[in-house]
Structures are given as C-alpha cells and as structure tokens.
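Undergrad: If you scroll down you'll find the structure; I have some questions about it.
Number of protein chains: 2
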Amino acid sequence: MTAERMGFAVAEDEGVILGAKLREAREYVGLKQEQVAQHMELPRTAVSEIENGRRGVSAIELKKLARLYQRPVTWFTGEEPEAAVPADVAFLARTASALSDNDRQELQRFAEFLRSRSKVAGNGRS
Amino acid sequence: MTAERMGFAVAEDEGVILGAKLREAREYVGLKQEQVAQHMELPRTAVSEIENGRRGVSAIELKKLARLYQRPVTWFTGEEPEAAVPADVAFLARTASALSDNDRQELQRFAEFLRSRSKVAGNGRS
DNA sequence: TAGTGCATGTCGGAAATTCCGACAAGAGCT
DNA sequence: AGCTCTTGTCGGAATTTCCGACATGCACTA
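Read top to bottom, the protein sequences are chains Z and Y. If you read the first sequence in the working numbering, its first letter stands for residue 1, the second for the next number, and so on. If you read the second sequence in the working numbering, its first letter stands for residue 1001, the second for the next number, and so on.
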C-alpha cells in the first residue's frame, strides 16, 4: 500500500476511507470479521487490516464484499458522475471517442507531439 | 493472484474478464497503455498485465480507471442484484438488515446462541 | 523485401504486500 | 477475579508487484 507513491496525500488515505465504509457495512448487517473472512476465504487478520486501511482491497474482493453486505459497489467507491481528470487526458479521451478510428489515430499523434513539445527534455515520466 | 486458492475455478478467472473489460474501455476512448500508466502512476507493464488478467486491480485503482474511461464502476464489476452466499450467512445478513437496531442486536444474540449450541464443545467453527 | 517506428507482451530479480499463526488488549458476563 | 468473545498487532514466509530490458507483431514506406 506504499502510501508514499501518492505524492502529497490524495485527500486522506483513500484506503482508510474505504476500510471504514467496509467496516460500517459489515457491522450494519451484523457479521463478525471471522465470518467475513470465512466467506471470502481470507485470514481474519486480513479483514481487520482492510478495515483499518492497512491492506488494500482488490476489485474482485470489493465486488464480493458488496454482495455480502448487500450494497451496490458504488456505495463503497462513491460513484463520481464526472471526471476530475487532468485536463489533457480528459480532453483527449472525450474527443477521441467521438472520432473515427483514423481520425483518432491522427489526433492521437498530434496530441503526443504537442505534449512532448511542452515538456522538458528529460526522459519518461513527465 | 494465486488462482489456486479458488478450489475449482470460480467460472473463469474473474481477473481475466475484468482485464478484458478494462482493455475494451481503454481502447474505446483511444488511450494507449503508456498514457494510462502515466495517469495511474504505474509502470506500463502493469497495465498490460492487468488487461491480461495476470495482475490484480485494487478497488481504488478500479475507481480511478473507471473515471478515466468514463464508465460507472459497475460497468466493470457487473453489479449483481443479489447473492448466492452460504445459506447461514445469507440468512443472517438479509434478516438483520431489515430489522431495527435493537431487534438486530436481539437476533444477533439469538443466532449466536443457536450456533454455540450446535457446535462441539471447543470453540471451533461450523 | 528489408527497414523503421510504435504499441503491446514477457522475462527476471529486487521491492513491496499479503498470508497466517501466535499473542495481546478490551469489553461483557458470572 | 476469571472466562469468553471480538478485534488489533507482530514477524517471517509466501506471493505479488515493480520496472527495465528485450521480444513480438503490425503498419507503413522506400
């Protein structure tokens, strides 16, 4: 869960929030960590660590937990209606999806050209 | 991604299916693995491995990818309306969620009572 | 056809995460 | 106090992920 990779804390460790929601949902349906662990075929300590944000949750695990807790997956992820995606990528994505395959390739190349131009020389990883 | 832990193959590696959906969504918006990798702050090879089901996807990563690809998270998870959970757990969960807090506590205690009664002395697990 | 560029797949060892039993803390009950 | 149950935490083994280097495949073009 490195938690160091996210430069300056995305908001508050997302994992902690997710874990808290998972705990809330579990307690609401009145299940014990041990029962959940058994259902998920995980060690109980993993459930504890997940709920405290010390262990990540895979997408598949979340799906399974959502069913067990009888909540839509989005209750845990917080379905964001639209994007707060870095402008360049959002633009490229939206625009590209509306074009033909050829035009998309074209635009794609051009966007890359612009991007490489505006960045410092360096190498990978802007 | 052990894939061995799931005794007899859940249906077909769920990760493969999820990876395929992620690839489809990515290609639809016309992004390259490299761009996704950059946006996600991941090595590009990770994106490749994810789409081929050789690497898992964390819940948080999925949420982020869903935004990037402009799809609801459930498009990838396939929101299942209800569960096929072990009878005892399903019953407890469904029943409990329909009751008031007090009644739920009550039921919980009673369920535990029944369980402890039907178990062999020790403290085992059903 | 050979050659070039680009997107994606794969390998291998280092780094990070997860597993899982053992032990501990805290609450509730007798 | 003592007992039981639930959850938290520690530590080393097992597994997964990272990430560069290299391989493959396709499209284009001379």
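Note that CB positions come from ideal geometry on N, CA and C, so glycine has one too.
Would you tell me roughly how many angstroms separate the C-alpha atoms of G1030(Y) and S1048(Y), rounded to the nearest one?
TA: In the second sequence, the residue the question calls residue 1030(Y) occupies position 30. In the second sequence, the residue the question calls residue 1048(Y) occupies position 48. Going from the Cα of G1030(Y) to the Cα of S1048(Y) covers about 15 Å.
Undergrad: So the candidates are A1066(Y), R1055(Y), G1078(Y), T1077(Y); which of them puts its Cα closest to the Cα of H1039(Y)?
TA: As a first step, residue 1039(Y) is located in the second sequence; it is residue number 39 there, counting from the start. Out of A1066(Y), R1055(Y), G1078(Y), T1077(Y), A1066(Y) has the C-alpha closest to the C-alpha of H1039(Y).
Undergrad: Strictly below 7 Å CB to CB, what residues from chain Z border K1063(Y)?
TA: Along the second sequence, read from residue 1 onward, the residue named residue 1063(Y) stands at position 63. Correct list: T77.
Undergrad: Are V1057(Y) and A25(Z) touching if we call contact CB-CB under 8 Å?
TA: In the second sequence, residue 1057(Y) corresponds to position 57, counting from 1. In the first sequence, residue 25(Z) corresponds to position 25, counting from 1. Their beta carbons are not under 8 Å apart, which means V1057(Y) does not touch A25(Z) by this criterion.
Undergrad: Along the region 34-58 of chain Z, what residues have a CB closer than 8 Å to any CB found in chain Y?
TA: Under the 8 Å Cβ criterion, the region 34-58 of chain Z contributes E34, Q35, Q38, H39, E41, G56, V57, S58.
Undergrad: Given that V1073(Y) touches chain Z, what residues does it touch there, using C-beta distances under 7 Å?
TA: The residue labelled residue 1073(Y) in the question sits at position 73 within the second sequence. Chain Z residues near V1073(Y): V73, T74, T77, E79.
Undergrad: Can you list, in chain order, the residues of the region 13-27 of chain Z whose Cβ is nearer than 9 Å to any Cβ on chain Y?
TA: Hits within the stretch, in order: E14, G15, L18.
Undergrad: If you draw a straight line from the C-alpha of A1068(Y) to the C-alpha of T45(Z), how long is it?
TA: As a first step, residue 1068(Y) must be located in the second sequence, where it is residue number 68. As a first step, residue 45(Z) must be located in the first sequence, where it is residue number 45. The question names Ala, but residue 1068(Y) in the sequence shown is Leu. Whole-angstrom Cα-Cα distance: 33 Å.
Undergrad: Which residues in the same chain have their Cβ closer than 8 Å to the Cβ of E51(Z), if we skip the five residues on either side of it in sequence?
TA: As a first step, residue 51(Z) is located in the first sequence; it is residue number 51 there, counting from the start. Taken in chain order, the residues that qualify are G19, A20, L22, R23, R26, Q33.
Undergrad: Exposed or buried, what is E14(Z) when buried is set at 16 or more other beta-carbons lying within 10 Å of its beta-carbon?
TA: Counting from one through the first sequence, the residue named residue 14(Z) turns up at place 14. It counts as buried.
Undergrad: Would P86(Z) count as contacting chain Y if we go by Cβ distances under 8 Å?
TA: Locating residue 86(Z) in the first sequence gives position 86, where the first residue counts as 1. Only weak support exists for where P86(Z) lies, its pLDDT of 45 falling under 50; the value from the coordinates is given anyway. Yes - at least one Cβ of chain Y is within 8 Å of the one on P86(Z).
Undergrad: Take L1062(Y) and list the residues in its own chain whose beta-carbon comes closer than 7 Å to its own, dropping the five residues that flank it on each side.
TA: As a position in the second sequence, residue 1062(Y) is number 62, starting the count at 1. Answer for L1062(Y): V1073, F1076, listed in chain order.
Undergrad: Answer with buried or exposed for G78(Z), where buried requires no fewer than 16 other C-beta atoms within 10 angstroms of its C-beta.
TA: As a first step, residue 78(Z) is located in the first sequence; it is residue number 78 there, counting from the start. Counting Cβ neighbours within 10 Å, G78(Z) comes out exposed, since fewer than 16 surround it.
Undergrad: Using only the alpha-carbon positions, how far apart do V1016(Y) and R1054(Y) sit?
TA: Position 16 of the second sequence, counted from the first residue, corresponds to residue 1016(Y). Position 54 of the second sequence, counted from the first residue, corresponds to residue 1054(Y). Cα to Cα, the separation comes out at about 8 Å.
Undergrad: State the start and end residues of the unbroken alpha helix (DSSP H) segment that holds V1047(Y).
TA: Sequence index remark: in the second sequence, residue 1047(Y) carries index 47 (1-based). Per DSSP, V1047(Y) belongs to the alpha helix (DSSP H) from 1044-1051.
Undergrad: Work out the CA separation of K64(Z) and L1042(Y) for me, nearest whole Å.
TA: Walking along the second sequence from the start, residue 1042(Y) turns up at place 42. Walking along the first sequence from the start, residue 64(Z) turns up at place 64. Roughly 25 Å separates the two Cα atoms.
Undergrad: Starting from G1015(Y), trace the alpha helix (DSSP H) both ways and give me its first and last residue.
TA: Taking the first residue of the second sequence as 1, we reach residue 1015(Y) at position 15. Segment 1014-1028, the alpha helix (DSSP H) holding G1015(Y).
Undergrad: In terms of residue numbering, what span does the alpha helix (DSSP H) encompassing V73(Z) cover?
TA: What you label residue 73(Z) is simply residue 73 of the first sequence in a count that begins at 1. That run of the alpha helix (DSSP H) goes 73-77.
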